[in-house]
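First the structure, in the form of structure tokens, and then the observations on it.
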Amino acid sequence: MATAQQDILNRYSKVTVIGAGVIGASWTALFLAHGLSVVVNDPRPDVETIVRDYIRNNLSTLAELGLPTDNLEKRLSFEADLERSVTGADLVQENGPERIEFKQDLWARIGRVVGEHALMLSSSSAKTATEQALKMSRPERLLVGHPFNPPHLIPLVEVVPGEKTSPEAVDDAVAFYAALGKVPRVVRKEMPGFVANRLQRAIFRECCYLVIQGVVKVDELDDIVTSSIGLRWAADGPFRSFHLGGGAGGFKSFFKQFGPGLNEAWKNMASVNLDEAAQDKIIAQAEASFAAQPPEQLESERDAKQLAIIRALKAVKAGK
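In this text, residue positions in the sequence shown follow the working numbering: the first is 186, and each later residue adds one.
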């Protein structure tokens, strides 16, 4: 690991994870695999069993990512009292309920305990740092660090500062996530859904429309996506893909050729009403396609495929 990356992990070596659902447990596994000490705060009486089981069930994935997996749990502890759990923490990663009152009260309490240089990060996919920080006296170290699930595997972290977040906190968050092997990208303007979820929702709206209209079935649509735009965008993303689609002229040629047609196509994009009948149609097809396999098997297959893609892309970038 580069010296700068190790330095940032040394600075933020004591981490508190608030909330131990799937995302919190996944963060915990990743932090431990990078040598950090983790305190988990969650009120559930069975939280220790849940987190330890999650870590043990994902050791092979961590190993596939090239991370050490021996004795991870020796740096793991649990503390149900919020104030005690964050005392001495260098960094807090929050994964609590998406209720703004909950988050505002939580951060106000945390802010009164942690040191002035502690980094406070929220995994929220919906609540902005500006909203969350309204009851804090020192909001400059709070920002959103929104992962894609599960964060120990999927590279992206959307780093979304609030109106009062300091530039230094943004830089530290980006450096911290990068040292964990993530791909942190700063979202330059607070917007509902940030970036990745807005894209996902827009695409999924059209997916639902096509199924509801009987154009395609659920499993067929999945095959279409994974065999075309999913593969292409995993390699290059939409803008680079369409830049290449313009040939030597890039986007100038692309827009000249396809721009008018895109404008007309966008006008004809349908809205979707996910009423009970529409939901029933999608659910019935999804269950017919996927319900025969246990969720654990589907998750294992998903992770194996995603790992293969991640490894292949890394190999290409490394020139192998």
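Glycine included, C-beta positions come from ideal geometry on N, C-alpha and C.
{"Asked": "Under 8 Å Cβ to Cβ from His-428, same chain only, skipping five residues before and after it: list those, please.", "Found": "Gly-435, Phe-436 and Phe-439"}
{"Asked": "Between Ile-235, Val-372, Gln-278 and Ile-409, which lies nearest to Val-207 when the distance is taken from Cα to Cα?", "Found": "Ile-235"}
{"Asked": "Tell me the DSSP secondary structure of Gln-278 in three-state form.", "Found": "strand"}
{"Asked": "Exposed or buried, Gln-398, counting other C-beta atoms within 10 Å across all chains shown (16 or more means buried)?", "Found": "exposed"}
{"Asked": "What are the boundary residues of the alpha helix (DSSP H) that includes Lys-259?", "Found": "Element bounds for Lys-259: n/a, residue is neither H nor E."}
{"Asked": "For Pro-480, collect the residues of the same chain with a Cβ closer than 7 Å to its Cβ; drop the 5 residues on either side in sequence, then sort them by chain order.", "Found": "none"}
{"Asked": "Using the Cα positions of Lys-254 and Leu-247, report the straight-line distance between them to the nearest angstrom.", "Found": "Here residue 254 is Thr; the residue named in the question, Lys, does not match the sequence. Answer to the nearest angstrom: the Cα atoms are 7 Å apart."}
{"Asked": "Going by CA-CA distance only, name the one from Val-232, Leu-244, Gly-422 and Asp-408 that's closest to Leu-216.", "Found": "Before going on, a small fix: residue 216 reads as Phe here, not Leu. Cα-wise, what sits closest to Phe-216 is Leu-244."}
{"Asked": "Assuming contact is defined by CB atoms lying nearer than 9 Å, are Gly-347 and Val-329 in contact in what I supplied?", "Found": "yes"}
{"Asked": "Please classify Asn-458 as buried or exposed, where buried requires at least 16 other C-beta atoms within 10 Å of its C-beta.", "Found": "exposed"}
{"Asked": "To the nearest angstrom, how far is the alpha carbon of Glu-405 from that of Ala-471?", "Found": "11 Å"}
{"Asked": "Check the C-beta distance from Ser-225 over to Phe-287 and give it rounded, since I have them as a contact under 8 Å.", "Found": "The question names Ser, but residue 225 is Val in the sequence shown. Going by Cβ atoms, the distance from Val-225 to Phe-287 rounds to 18 Å, so no, they are not a contact pair."}
{"Asked": "So, helix, strand or coil for Val-200, using DSSP?", "Found": "strand"}
{"Asked": "Would you list the residues sitting across from Glu-343 in a DSSP beta bridge?", "Found": "His-331 and Arg-370"}
{"Asked": "In this structure, how does DSSP classify Asn-448 when only helix, strand and coil are distinguished?", "Found": "helix"}
{"Asked": "Let me know the secondary structure DSSP gives Ser-413 once reduced to three states.", "Found": "coil"}
{"Asked": "So is Gln-191 buried or exposed if we call it buried at 16+ other beta carbons inside 10 Å?", "Found": "exposed"}
{"Asked": "Who does Ser-222 pair with in a DSSP beta bridge?", "Found": "Lys-199"}
{"Asked": "Out of curiosity, what's the CA-to-CA distance linking Lys-349 and Ala-463?", "Found": "43 Å"}
{"Asked": "DSSP three-state label for Leu-384, please.", "Found": "helix"}
{"Asked": "Counting only the same chain and skipping the five closest in sequence on each side, list residues whose C-beta sits under 7 Å from that of Gln-289.", "Found": "Gln-317, Leu-319 and Lys-320"}
{"Asked": "Could you spell out where the beta strand (DSSP E) holding Leu-365 opens and where it closes?", "Found": "Taken as a continuous stretch (DSSP letters only), Leu-365 belongs to no beta strand (DSSP E), as it is neither H nor E."}
{"Asked": "If you draw a straight line from the C-alpha of Leu-327 to the C-alpha of Met-305, how long is it?", "Found": "5 Å"}
{"Asked": "For Pro-324, which option in Ser-307, His-331 and Lys-466 has the closest C-alpha, if you only look at C-alpha atoms?", "Found": "Ser-307"}
{"Asked": "Look at Ile-414 and Leu-250 and say whether their C-beta atoms are less than 9 Å apart.", "Found": "no"}
{"Asked": "Evaluate contact between the segment 448-457 and the segment 375-394, counting only Cβ atoms and requiring at least three cross-stretch pairs below 8 Å.", "Found": "yes"}
{"Asked": "Can you give me the Cβ contacts of Ala-218 inside the same chain, cut-off strictly under 7 Å, excluding the 5 residues immediately before and after it?", "Found": "Leu-247, Leu-252, Pro-253, Thr-254 and Leu-257"}
{"Asked": "When burial is assigned at 16 or more other CB atoms within 10 Å of the CB, is Leu-201 buried or exposed?", "Found": "Residue identity differs from the one stated: residue 201 is Thr in this sequence, not Leu. Thr-201 comes out buried."}
{"Asked": "Apply the 10 Å Cβ neighbour rule to Ile-468 and answer buried if 16 or more other Cβ atoms are within range, or exposed otherwise.", "Found": "exposed"}
{"Asked": "If contacts are defined as beta-carbon pairs under 8 Å, then Val-368 and Ala-358 qualify, I think. What distance do you get, rounded to the angstrom?", "Found": "Their Cβ separation, rounded to whole angstroms, is 13 Å, which puts Val-368 and Ala-358 out of contact at 8 Å."}
{"Asked": "Does the beta-carbon distance from Glu-279 to Leu-291 come in below 9 Å?", "Found": "yes"}
{"Asked": "Check whether the Cβ atoms of Ile-240 and Leu-221 lie closer than 9 Å to each other.", "Found": "no"}
{"Asked": "Any chance the CB of Ser-413 is under 8 Å from a heavy atom of the ligand HEM?", "Found": "With respect to small molecules bound, the structure shown includes none, and the ligand HEM cannot be examined in it."}
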